[in-house]
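Protein chains in written order, with this note's numbering: chain L, 22 to 364; chain S, 22 to 364. Even for Gly, the Cβ is constructed at its ideal location relative to N, Cα and C.
There are 2 protein chains.
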Amino acid sequence: MTHRPSIKDIARVAGVSPSTVSRALAGSPRISEQTRQRIQTIAQELNYTPSLAARTLVTGASPMLGVIAPSLADPYVAAVMQGVEAASHDRGFQRLVASSQGDPEQEVAMMQLLVGHDVAGLIIISSRIPPEHGAGLPRFDIPVVFINAFHPGEGIYHVMTDNEHGGWLATTHLLERGHTRVAYLGGPQQGRSHTARLAGYRRALEEAGYAYQPSWVVPGDGTPQAGRKALRWWLRQPESQRPTAFFCYNDLSALGLLSEAYQQGVAIPEDLSVVGFDNAPLAEISIPPLTTVEQKARELGRQAVASLLAALASKPVTDVILRGELIPRATVAAPRVSVIRDQ
Amino acid sequence: MTHRPSIKDIARVAGVSPSTVSRALAGSPRISEQTRQRIQTIAQELNYTPSLAARTLVTGASPMLGVIAPSLADPYVAAVMQGVEAASHDRGFQRLVASSQGDPEQEVAMMQLLVGHDVAGLIIISSRIPPEHGAGLPRFDIPVVFINAFHPGEGIYHVMTDNEHGGWLATTHLLERGHTRVAYLGGPQQGRSHTARLAGYRRALEEAGYAYQPSWVVPGDGTPQAGRKALRWWLRQPESQRPTAFFCYNDLSALGLLSEAYQQGVAIPEDLSVVGFDNAPLAEISIPPLTTVEQKARELGRQAVASLLAALASKPVTDVILRGELIPRATVAAPRVSVIRDQ
DNA sequence: GAAAGTTGTGCAAACGTTTGCACTGCGAAC
DNA sequence: GTTCGCAGTGCAAACGTTTGCACAACTTTC
C-alpha cells in the first residue's frame, strides 16, 4: 500500500473495468445503482483520491484559477484574496496562489508556473511589472485579469479602483475643512495606484485654486515606517510652512504616522489632520479612528473572478473601475487658527 | 494556435523526436550542444510551457507543497505564510494554498483536493478539526505537518508555539507589576491555542498564590470586536471588583480593546493594563504601543517546511515547540493605589 | 420466433510527459 | 576487414484518467 490507490485498484477489487469505476464515480446514468453503490464504498475504504493531474490531462480543462500577489502579508491583498476566494469557491473553482515578493521577474516566473499547472485563467494583484514592459509580457492563450495594474492586450482584462477619484476625494475633504496646506505621503514609486492617487490629489488642489507643490509630496512605500519618517519630516519643517494635513497613500502608512505623532507628542487631529486610503479593518480600531477613502478590496477580487469566468465563457468583458467613498472618522479637524490667519 | 504548444510541436518544427526535445530541455548530456541550442530557441519562440500535470503523472513526484489555513486575512496566518514561502522557495518547492474559512469539513475537503493535485506534503495552519476527530482524519501516504494544532499519527508532525508558556509569561508579567486581579480575554473556544494560553494564565495565577476565577475569563474569538465587548463587560463590573489588567488571546482583540477604551475614556495603562499575544506588526504601531508575547510566526512556517522536507527525505523528524518572549511596551503599568489598598 | 430496443459494461485511444532500451553511423583498435 | 565502443537519436511504454464506440444479455414488439 505504498502508492496512492488508483481507479484501477478499485476496479480490481470490485471486479469491473476501470471505465466502469470512472463512470460510477462520476455519476453516469449508464451505471446501475447497485454497482455504483458497491464501487463507492470500495473507493471510500481504499481512501481513494482522484489524480487531478491525470484528469486535467485528458479533459484539457481544469477548475483552477491562478492568483499572483506581491505579498500575502499585506492586509489589502488579504482583503482582495477574500473576495477572490468567496467568488471562485461559489463557482466551483480552486485557486493556486503564488506570491512574487514584489519582484517582476519572479512574477513572470510564477505566471509560467501557474500556466504549467493548467490553470483556466490568471488573476494578478498589483502587478509590479512596469507598464513599458508591456509587449514583453509572455502571451498565453488563457484569460488574464489584472487588479489595479494595467497591461492592455488581447485576452487581458482589468479591474481597478478609481485611484484618481479617491485621491481627489481625500484631498477635497481636507480642503473643505479649511486646510490650505495639504501634503501627500506617497506609495511605491513605480505603482500605478500611487501615481493615480497623486494625480487626484493634484487635481483637487488645482481645482480649489491652490498651487501644486512638489516639495509637499513626501516619498514613501506604503509601510508604517514610511509614515513615521513622514511625521519626522513634518516636524523638521519651519512651523509657518508646515502642512496642516496629510493625505497618505494607504492606511498602513497613515497608521505609522499616527503612532509616531503619538510618541512625539503631536496631537491628531488638533495639530495635524490625516486621511488614509483602503479602509482597512485596522482603520476602524486605530486611535483615533482613521478617516480614510474606502477601497472595495473584496469587491475587486469578486469582480476579477467574475470577469475571468465571463472571458472563459467567451462572453464580452469590459474593464471595471470601482469607486470607493470617503469614510469620515476622527483624524480630520479644521486647521489651527494660526494657519487660517496665514491666508 | 488555439492550443498550448506541446513538446510534440517543438519536435515537429525541429525535425526531431519528442524524446529528444524532452532530453534537450532537461539538459541531458546525451544530446549534442548544437541540437540543444536549436531546440531551446524553438521552445522560446513557440512560448512553450511544460505541462506539469503530465510531468507529475509520469515522474510520480511533484515539487509542490499544499498549505491550508482557516483564513488568509489573519495577520498571524500571513506571517506564518511568509515563513513557509521563504523556506519552500529556497528549496525549490511551489505552494498550493487553500483556505478553509474555518470550517472543519472544508478543511478535510481541501486536504483531499491538494492530495489530488499530487502535492508532496501538507502544511496545515491552525487546524479547526476537533482533536477527538483524530482517527477520522483521512490518512494519506504523504507527510503532514500541523502548525499549532495536534493530531498525532504516523507520518504526522507538529510545529507549535509554546502557548502555555506564553500565557504564563504574560500573566506573570502583570502579577509582577503588582496586579492581583488579572482577567483573560479568550480566543476561539475549540482552539488548542486558546486552552493552552488559558492554562498558562491559570498556572501563573496559582503559582503566585491567587485563586483562579472562572468569572474572569471572558469569552472571545480573537477579533477586534471581541476586544470591544470585553471592555464594555469590564465597565459593567462593580468598581471594587474590576480586574486591573487584561491578558488577551491575541493582538487583534487587544487592539480592539484599546480602541474601545479610548472611545469610552478609559486610560490605558493608567486605568487598565493590557497584554496581547502574537507581536503582530500592528502591535508596534498601536497607541500606546502594545505589550505582548511574541509568537515566532515566520519561524513556525519555516520550521514546518523544514520538518516536511526532512520527512520526505525519510530523515527522523521530531515535533518542534517554539517559545516566544515577552515584549514590554507601553500598555502595562502598576495598578492604581485603590486596588492595592484592596488587599 | 426474429428483429429491434434497452441496459449495463468493457476496450482502447488519447492527453503530454519521461525514460529504458534499441538502433544507426562513425572512428578506432586489432 | 572484422570487431568494438561511443555519441546521438528514436521507439514505445508508462503514468491515471475520460470517453466514443462496441458488445452482451435481456426485454419488448410485431
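Counting along the chain, where does the beta strand (DSSP E) carrying residue i start and finish?
{"i": "residue 274/S", "result": "Unbroken run through residue 274/S is the alpha helix (DSSP H), 272–285; no beta strand (DSSP E)."}
{"i": "residue 179/L", "result": "177–182"}
{"i": "residue 312/S", "result": "312–315"}
{"i": "residue 116/L", "result": "115–120"}
{"i": "residue 60/S", "result": "Segment 54–67 is the alpha helix (DSSP H) holding residue 60/S; no beta strand (DSSP E) there."}
{"i": "residue 87/S", "result": "85–90"}
{"i": "residue 299/S", "result": "294–299"}
{"i": "residue 289/S", "result": "Element bounds for residue 289/S: n/a, residue is neither H nor E."}
{"i": "residue 266/L", "result": "266–269"}
What distance in whole Å lies between the Cβ atoms of residue j and residue i, which are believed to be in contact at a cut-off of 8 Å?
{"i": "residue 286/S", "j": "residue 182/S", "result": "35 Å between Cβ atoms; not a contact."}
{"i": "residue 214/S", "j": "residue 221/S", "result": "Not quite, the Cβ-Cβ distance comes to about 11 Å (not below 8 Å), so this is no contact."}
{"i": "residue 88/L", "j": "residue 60/L", "result": "Contact flag wrong, Cβ pair sits at about 35 Å."}
{"i": "residue 350/S", "j": "residue 302/S", "result": "Their Cβ separation, rounded to whole angstroms, is 13 Å, which puts residue 350/S and residue 302/S out of contact at 8 Å."}
{"i": "residue 91/L", "j": "residue 133/L", "result": "The Cβ separation is near 17 Å, so there is no contact."}
{"i": "residue 252/S", "j": "residue 282/S", "result": "5 Å"}
{"i": "residue 246/S", "j": "residue 277/S", "result": "6 Å"}
{"i": "residue 280/S", "j": "residue 306/L", "result": "4 Å"}
Using the C-alpha atoms, what's the distance from residue j back to residue i?
{"i": "residue 67/S", "j": "residue 32/S", "result": "11 Å"}
{"i": "residue 74/S", "j": "residue 118/S", "result": "17 Å"}
{"i": "residue 332/L", "j": "residue 96/L", "result": "28 Å"}
{"i": "residue 39/L", "j": "residue 240/S", "result": "53 Å"}
{"i": "residue 360/S", "j": "residue 230/S", "result": "Legend: pLDDT at residue 360/S = 44, less than 50; position of this residue unreliable, value from coordinates given subsequently. Cα to Cα, the separation comes out at about 17 Å."}
{"i": "residue 186/L", "j": "residue 218/L", "result": "7 Å"}
{"i": "residue 228/L", "j": "residue 192/L", "result": "11 Å"}
{"i": "residue 77/L", "j": "residue 84/L", "result": "9 Å"}
{"i": "residue 248/S", "j": "residue 211/L", "result": "38 Å"}
{"i": "residue 184/L", "j": "residue 130/S", "result": "39 Å"}
{"i": "residue 101/L", "j": "residue 316/L", "result": "10 Å"}
{"i": "residue 256/L", "j": "residue 357/L", "result": "16 Å"}
{"i": "residue 364/S", "j": "residue 188/S", "result": "Reliability of the predicted coordinates at residue 364/S is poor, the pLDDT of 43 falling under 50, and the value obtained from them is presented with this limitation in mind. Taking the straight line joining both Cα atoms gives about 24 Å."}
{"i": "residue 367/S", "j": "residue 304/S", "result": "Coverage of chain S is limited to positions 22 through 364, which leaves residue 367/S absent and any answer about it impossible."}
{"i": "residue 254/S", "j": "residue 236/S", "result": "11 Å"}
{"i": "residue 194/S", "j": "residue 166/S", "result": "32 Å"}
{"i": "residue 48/L", "j": "residue 71/S", "result": "32 Å"}
{"i": "residue 225/L", "j": "residue 216/L", "result": "14 Å"}
{"i": "residue 291/L", "j": "residue 234/L", "result": "23 Å"}
{"i": "residue 22/L", "j": "residue 336/S", "result": "For residue 22/L, the pLDDT reaches just 44, beneath the cut-off of 50, and the residue's location in the model is therefore unreliable, although a value from the coordinates is still provided. Distance between the alpha carbons of residue 22/L and residue 336/S is about 21 Å."}
Can you tell which of the options has its C-alpha closest to the C-alpha of residue i?
{"i": "residue 339/S", "options": "186/S, 174/S and 191/S", "result": "174/S"}
{"i": "residue 250/S", "options": "205/S, 225/S and 292/S", "result": "205/S"}
{"i": "residue 138/S", "options": "127/S, 335/S and 116/S", "result": "116/S"}
{"i": "residue 355/L", "options": "211/L, 315/L and 197/L", "result": "197/L"}
{"i": "residue 26/S", "options": "281/S, 245/S, 64/S and 276/S", "result": "64/S"}
{"i": "residue 145/S", "options": "336/S, 348/S and 321/S", "result": "321/S"}
{"i": "residue 177/S", "options": "275/S, 194/S, 188/S and 143/S", "result": "143/S"}
{"i": "residue 261/L", "options": "225/L, 308/L and 201/L", "result": "201/L"}
{"i": "residue 263/S", "options": "293/S, 324/S, 283/S and 284/S", "result": "293/S"}
{"i": "residue 112/L", "options": "337/L, 323/L, 194/L and 246/L", "result": "323/L"}
{"i": "residue 300/L", "options": "46/L, 271/L and 34/L", "result": "271/L"}
{"i": "residue 103/S", "options": "114/L, 107/L and 120/L", "result": "120/L"}
{"i": "residue 244/S", "options": "273/S, 45/S and 168/S", "result": "273/S"}
Look at the Cβ atom of residue i, then the Cβ atom of residue j, and state whether they are nearer than 8 Å.
{"i": "residue 296/S", "j": "residue 269/S", "result": "yes"}
{"i": "residue 266/L", "j": "residue 203/L", "result": "yes"}
{"i": "residue 128/L", "j": "residue 148/L", "result": "yes"}
{"i": "residue 313/S", "j": "residue 298/S", "result": "yes"}
{"i": "residue 329/L", "j": "residue 86/L", "result": "yes"}
{"i": "residue 308/L", "j": "residue 348/S", "result": "no"}
{"i": "residue 140/L", "j": "residue 163/L", "result": "yes"}
{"i": "residue 99/L", "j": "residue 275/S", "result": "no"}
{"i": "residue 56/L", "j": "residue 37/L", "result": "yes"}
{"i": "residue 105/S", "j": "residue 325/S", "result": "yes"}
{"i": "residue 172/L", "j": "residue 152/L", "result": "yes"}
Identify the continuous alpha helix (DSSP H) that holds residue i and give its terminal residues.
{"i": "residue 247/S", "result": "245–257"}
{"i": "residue 36/S", "result": "First-last for residue 36/S: undefined, no H or E at that position."}
{"i": "residue 129/L", "result": "125–137"}
{"i": "residue 214/S", "result": "213–228"}
{"i": "residue 97/L", "result": "96–111"}
{"i": "residue 321/L", "result": "318–333"}
{"i": "residue 306/S", "result": "302–306"}
{"i": "residue 75/L", "result": "73–80"}
Can residue i be considered in contact with the ligand GTP, in the sense that its beta carbon sits closer than 7 Å to one or more heavy atoms?
{"i": "residue 290/L", "result": "This structure does not include the ligand GTP; it has no bound ligands of any sort."}
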